[in-house]
Every structure is written in C-alpha cells, then in structure tokens.
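Line by line, the protein sequences give chains H and V.
Quick note on numbering: my numbering labels position 54 of the first sequence as 54, and the sequence is numbered without any gaps.
For any residue, its number in my numbering is found by taking its place in the second sequence, counting from 1, and adding 116.
Cβ coordinates follow ideal geometry from the N, Cα and C atoms, glycine included.
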Amino acid sequence: AQKITQTQPGMFVQEKEAVTLDCTYDTSDQSYGLFWYKQPSSGEMIFLIYQGSYDEQNATEGRYSLNFQKARKSANLVISASQLGDSAMYFCAMREVPNTGNQFYFGTGTSLTVIP
Amino acid sequence: EPEVTQTPSHQVTQMGQEVILRCVPISNHLYFYWYRQILGQKVEFLVSFYNNEISEKSEIFDDQFSVERPDGSNFTLKIRSTKLEDSAMYFCASSEVQTEAFFGQGTRLTVV
Numbered sequence: 001a002q003k004i005t006q007t008q009p010g011m012f013v014q015e016k017e018a019v020t021l022d023c024t025y026d027t028s029d030q031s032y033g034l035f036w037y038k039q040p041s042s043g044e045m046i047f048l049i050y051q052g053s054y055d056e057q058n059a060t061e062g063r064y065s066l067n068f069q070k071a072r073k074s075a076n077l078v079i080s081a082s083q084l085g086d087s088a089m090y091f092c093a094m095r096e097v098p099n100t101g102n103q104f105y106f107g108t109g110t111s112l113t114v115i116p
Numbered sequence: 117e118p119e120v121t122q123t124p125s126h127q128v129t130q131m132g133q134e135v136i137l138r139c140v141p142i143s144n145h146l147y148f149y150w151y152r153q154i155l156g157q158k159v160e161f162l163v164s165f166y167n168n169e170i171s172e173k174s175e176i177f178d179d180q181f182s183v184e185r186p187d188g189s190n191f192t193l194k195i196r197s198t199k200l201e202d203s204a205m206y207f208c209a210s211s212e213v214q215t216e217a218f219f220g221q222g223t224r225l226t227v228v
C-alpha cells in the first residue's frame, strides 16, 4: 500500500483565493511526522510545514496551514490568499519515528496553478 | 542559514561511464539521504545513511549504486556503468532525528 496518497494531479485556484491540497497517509506507527514541500519550476525542494502525530493543534506557517485529521489519516495543506508565486508542484511526505531508515515517504505530488 | 549543497548542478555523461555526485549535508545533521526525480515526476527514495552506514535502501539502489561519507563532511553517490534511464534529478537531503529534511538544489544527471 502507498504510504502517502495525493489524489489531485493538478489544481487551479484564482489569485487571492484559498486552496486545499489533499494528502492521506498510511502507517501503523503511533509516532510520525507529516511534511509538505513546494517544488517550483526551478526544481528545488522547499520545506513548507510540519505536523507531528502527537501535536493536537494544526500547524500553521504564515499563509500555510495543515488540516490534520488523525482518525481519517489525512494531512491536507491549505494555502490562503493564493499568490502567483504559489504556482508549483506540492509534495506531501511522511516520516515514521522510530524507523531504522528514517526515510521520508513522498506522494506523487499536486501541480498547483494560480490564475490571475 | 545552513544549507545542503550539491555539486555539480548538471552532469552529462556517456552511457556506461561512472559518475560521482557530491553533497555537503548540514553539519549537525545525523541522517543523510539520496532521492531522485525523473522529469518532475515522483520523488523516489534511493538510500538513507546514518552513523556511517546505510540504514535503508530501496530496490532501485542495486549494485550499480554506492554511497560514501569519505571525510566527515561530504556525502557522495556513485553510479557505476550509467544507463539512459539513470537520467534524472538527484537530490541529497539531511535531517536531524525528528525534523524536516533539508534538500540540496539537486544535480541534474543526463546520460547520453
């Protein structure tokens, strides 16, 4: 089974509107971390936001927030007040702790296009 | 701000040749990774490295690949006898125990 599932290959949003990018995960561990990364067309991987499995509050970082629903195993990224510079590929990732390899499992990504 | 640095940014090599991709992780990080991404598609895990040894590797990471931490600061990925399908962006990353992974800017490998 896939560890991370992103079901939206592409999304469009009007500038200044909010958008939600979906992510579900699969793990039997109690302790894990969830991450979102942004990859603009230039190719670098930019860390956006982190949610720990024991964190009771949803993580927020500026215009980014993570809608964490543990029972549903979802970790959706919400981008408020979209800007043209938000157009990029977005990857959801998970890391199980403890895990001998500590690898980050990535989803297939969602391509977000912000329309002026 | 500390960052992961990768060299070269772009490498072109002939099929069958060996390449070494270099990375300098963030100095106090304990875990090091190599990932690859073919043409902006999914990010594929290759290998993780901890305490001077491989801690996990994927099925992609076969005998063609090897990693080394030769001097306590560099972290290298060697690809022997390159194939056309090895063409991809290779990312090095490092992390502490429970934090996010910091990625380098990537090395674009083109096998011709």
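Given 8 Å, three or more beta-carbon pairs between the region 45 to 53 of chain H and the region 125 to 140 of chain V = They do not touch, by the three-pair rule.
Could you pull out every residue in the same chain whose Cβ sits closer than 8 Å to the Cβ of H:Ile46, ignoring the five residues on either side in sequence?
-> Only Tyr37, Lys38, Gln39 and Pro40 meet the Cβ criterion.
Neighbour-count burial assignment, H:Arg72, 16 or more Cβ in a 10 Å radius | That one is exposed.
Counting along the chain, where does the beta strand (DSSP E) carrying V:Val228 start and finish?
-> Premise fails: V:Val228 is in no beta strand (DSSP E) and is neither H nor E.
Using a C-beta to C-beta distance shorter than 8 Å, which residues of chain H count as neighbours of V:Tyr147?
-> Neighbourhood of V:Tyr147 in chain H, by CB distance below 8 Å: Asn102, in chain order.
Is it buried or exposed for H:Asn112, if we count other Cβ within 10 angstroms and need 16 for buried?
-> Note that residue 112 of chain H corresponds to Leu in the displayed sequence, not to Asn. A residue is called buried when at least 16 other Cβ atoms come within 10 angstroms of its Cβ; H:Leu112 meets this threshold and is buried.
Could you check the C-alpha separation between V:Met205 and V:Lys194 for me, to the nearest Å?
-> Cα-Cα distance, rounded: 14 Å.
How about H:Tyr64: is its C-beta nearer than 8 Å to some C-beta of chain V?
-> Using a Cβ-Cβ cut-off of 8 Å, H:Tyr64 does not count as an interface residue toward chain V, since no Cβ of chain V sits closer than that to its own.
Identify whether V:Glu117 lies in helix, strand or coil by the three-state DSSP scheme.
-> Here V:Glu117 sits in coil by DSSP.
Could you tell me which residues DSSP pairs with V:Ile136 in its beta bridges?
-> V:Ile136 pairs with V:Lys194.
Can you find at least 3 beta carbon pairs, one from the region 82 to 92 of chain H and one from the region 180 to 194 of chain V, that sit closer than 8 Å?
-> As far as the Cβ criterion goes, the region 82 to 92 of chain H does not touch the region 180 to 194 of chain V, which means the pair count is below three.
Proximity below 8 Å, CB of H:Gly107 to CB of H:Gln8 | At a Cβ-Cβ threshold of 8 Å, H:Gly107 and H:Gln8 do not count as neighbours.
Pairwise C-alpha distance: V:Tyr149 and V:Glu172 = Distance between the alpha carbons of V:Glu172 and V:Tyr149: 9 Å.
Cβ of H:Val97 less than 8 Å from any chain V Cβ?
-> Cβ-Cβ to chain V under 8 Å: yes for H:Val97.
Nearest chain H C-beta to V:Ser171 closer than 8 Å, yes or no?
-> Output row for V:Ser171: interface = yes.
Cβ pair count under 8 Å reaching 3, the region 218 to 227 of chain V against the region 174 to 184 of chain V | Touching, no.
Residue burial classification, V:Ser143 (beta-carbon count within 10 angstroms, cutoff 16) = Exposed, since its Cβ has fewer than 16 Cβ neighbours within 10 Å.
Residue(s) in a DSSP beta bridge with H:Phe47 | Bridge partners of H:Phe47: H:Tyr37.
Among residues of its own chain, excluding the 5 on either side of V:Pro118, which ones have a beta-carbon nearer than 6 Å to its beta-carbon?
-> So the list reads Ile142, once near-sequence residues are dropped.
Return the residue from the list H:Arg63, H:Gly43 and H:Tyr105 that minimises the CA-CA distance to H:Leu34.
-> The shortest CA-to-CA distance from H:Leu34 to any of H:Arg63, H:Gly43 and H:Tyr105 is the one to H:Tyr105.
Using a C-beta cutoff of 8 Å, does H:Met94 count as contacting chain V?
-> Interface with chain V (8 Å Cβ-Cβ cutoff): H:Met94 is excluded.
Which first and last residues belong to the beta strand (DSSP E) in which H:Val13 is found?
-> In the DSSP assignment, H:Val13 falls within the beta strand (DSSP E) that extends over Gly10 to Gln14.
Along chain V, in chain order, which residues have C-beta atoms closer than 7 Å to that of H:Met45?
-> What H:Met45 touches in chain V: Phe207 and Phe219.
In its own chain, which residues sit with a C-beta less than 8 Å from the C-beta of V:Ser174, not counting the 5 before and 5 after it?
-> By the criterion of a C-beta distance shorter than 8 Å, V:Ser174 is surrounded in its chain by Glu160, Phe161, Leu162 and Val163, once the five residues flanking it on both sides are discounted.
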